[in-house]
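Below is one structure, written out as structure tokens; the observations come after it.
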Ligand code: 8YV
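In our numbering, the protein residues as written are 3 to 314.
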């Protein structure tokens, strides 16, 4: 029996139903582990999402029969991997298939933030557009500028390719330097100060978790050039919200484009008041094509662990 925590795309649900007995929960908003625990009878596989927190306490309560947790995400920070391993539960995620969609959204946010697209749309819809003038609504050009990518994994590299298409120069910060065939001319920095001081746009594409927690804090924001643009499609936990909001207020950071937040779905109220913040509701991978591919990959992982062969 496969337990699915939240509503999934129809094509994925149809395949899941061909391959398993399915128990479909429709949890919305904040995850309630009690609801999950009440529904585990006969379950050997769970399909969850990043909004569902599988900490050590919850994993410890899973019946022995549960052999695999597949998450509808590349991110794994919501699952205590050590606790799962200790209990003999395999964990599968959905890398690669969402890289293009997420990079597209990072690029969308870069363009929207620099060209004040959200603010302009709000102004027009409010009936406040008084007409053209040479000084009206000036933003900043994106082409020809320097993009700094924090986290040069699959999504970061996809974004680098798109940015090169716009004539941007790409710099990056990563755990380690990439091989030349992956780097493709991007400039590697071994420390934050040289990286942050060299760029006009910062895109956070690193995973969440302890290693990147509040990486973009007041000290690092201070290392950015005045007028830099910050974009985050990785995890909200990589940003200290108070520090970023302060820098957006002062103008040291010209604009930000955010798709991910600390404490989702709650958004720090400071952002909501800022015209220079573009705010999207965690839709980096939200295309029909990508969500189907993610679901199919998660189901592949479940089949592998449960030892189910071939297409059912
Ligand atoms: C979510 C994500 O998975 O893959 C990730 O880590 O954050 C997203 O793609 C998706 O929003 C819904 O499950």
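Note that CB positions come from ideal geometry on N, CA and C, so glycine has one too.
Should residue i be counted as a contact of the ligand 8YV given a C-beta to heavy atom distance under 7 Å?
i	result
residue 252	no
residue 173	no
residue 288	yes
residue 93	no
residue 238	no
residue 101	no
residue 214	no
residue 298	no
residue 158	no
residue 259	no
residue 267	no
residue 75	yes
residue 12	no
residue 284	yes
If residue i sits next to residue j, beta carbons under 8 Å apart, how far is it from one beta carbon to the other, in whole angstroms?
i	j	result
residue 261	residue 83	24 Å between Cβ atoms; not a contact.
residue 118	residue 141	5 Å
residue 209	residue 79	7 Å
residue 200	residue 150	7 Å
residue 220	residue 202	Their Cβ separation, rounded to whole angstroms, is 20 Å, which puts residue 220 and residue 202 out of contact at 8 Å.
residue 198	residue 226	5 Å
residue 214	residue 195	Rounded, the Cβ-Cβ distance is 17 Å, inconsistent with contact.
residue 231	residue 112	7 Å
residue 96	residue 296	4 Å
residue 75	residue 51	6 Å
Note down the Cα distance separating residue i from residue j, rounded to an integer number of angstroms.
i	j	result
residue 89	residue 46	13 Å
residue 228	residue 193	19 Å
residue 259	residue 248	15 Å
residue 160	residue 116	20 Å
residue 238	residue 299	25 Å
residue 17	residue 303	13 Å
residue 40	residue 212	31 Å
residue 73	residue 172	31 Å
residue 270	residue 234	15 Å
residue 38	residue 71	13 Å
residue 66	residue 273	44 Å
residue 314	residue 305	Bear in mind that the predicted position of residue 314 carries a pLDDT of just 48, short of 50, making it too unreliable to give a figure here.
residue 216	residue 183	31 Å
residue 55	residue 132	49 Å
In the stretch 26–63, which residue ranges form an unbroken alpha helix (DSSP H) of at least 4 residues, counting only runs that do not cross its ends?
35–40, 58–63
Which whole runs of the beta strand (DSSP E) in the stretch 139–180 are 3 residues long or more, in chain order?
As far as the stretch 139–180 is concerned, its whole beta strand (DSSP E) runs of at least 3 residues are 148–152, 171–175.
Minimum length 3: unbroken beta strand (DSSP E) runs contained in the stretch 250–287
255–260, 279–281
Scan the stretch 56–123 and note each continuous alpha helix (DSSP H) run of 4 residues or more that stays entirely inside, going in chain order.
Every alpha helix (DSSP H) of 4 residues or more that sits fully in the stretch 56–123 is shown, in chain order, as 58–63, 83–88, 101–117.
Taking only runs of the beta strand (DSSP E) that begin and end inside the stretch 191–236, which ones reach a length of at least 3 residues, in chain order?
203–206, 230–234
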